[in-house]
Amino acid sequence: MKFVLILACLALFVAHSQAQVDDCPGSVYGPRQSCAGGKNEGNSRTRQCRRYYNNNMWYYDSRSRSCKNMIYRGCAGNDNRYCTRQSCERKCVRRT
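Residue numbers (mature numbering (1 follows the signal peptide of the UniProt record, and there is no 0)): -19 to -1, 1 to 77.
What follows is the structure in structure tokens.
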């Protein structure tokens, strides 16, 4: 019985993790996310890239010290991209 419960919890965790990724195409999650590198929209050279196209991504602009909106084209780019302005600001904007 415990084994079935553990399997059910594991399945829910995997499903929830996958749902988060699918909610925001082109996202970077976890420690890979970076505030460095500036704006890099990537490219959309292949059909596979177009699956991850997202016209509402955010990046940290170190010159203005703020998060700005950008289009992510689906492939390549850097790790300075966020699904929401709030997540970008939480990670990158320093409060004084």
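Where a beta carbon is used, it is the ideal one built from N, C-alpha and C, also for glycine.
Next item on the list: State the start and end residues of the unbroken beta strand (DSSP E) segment that holds Lys49.
Entry: 47 to 53
Notebook entry, point to check: CB Gly23 to CB Tyr53, shorter than 8 Å?
Noted result: yes
Next item on the list: Answer with buried or exposed for Tyr40, where buried requires no fewer than 16 other C-beta atoms within 10 angstroms of its C-beta.
Entry: buried
Margin query: Suppose you measure from the CA of Ala17 to the CA of Ser25; what does that come to, to the nearest Å?
Written below: 22 Å
Next item on the list: Pull up the CB-CB distance for Ser15 and Asn50, whole angstroms please, since I reckon it's below 8 Å.
Entry: About 18 Å separates the two Cβ atoms, so there is no contact after all.
Next item on the list: Please go through the same chain and pick out, in chain order, the residues whose beta-carbon is closer than 7 Å to the beta-carbon of Cys30, but skip the five residues on each side of it.
Entry: Asn24, Arg54, Gly55, Cys56
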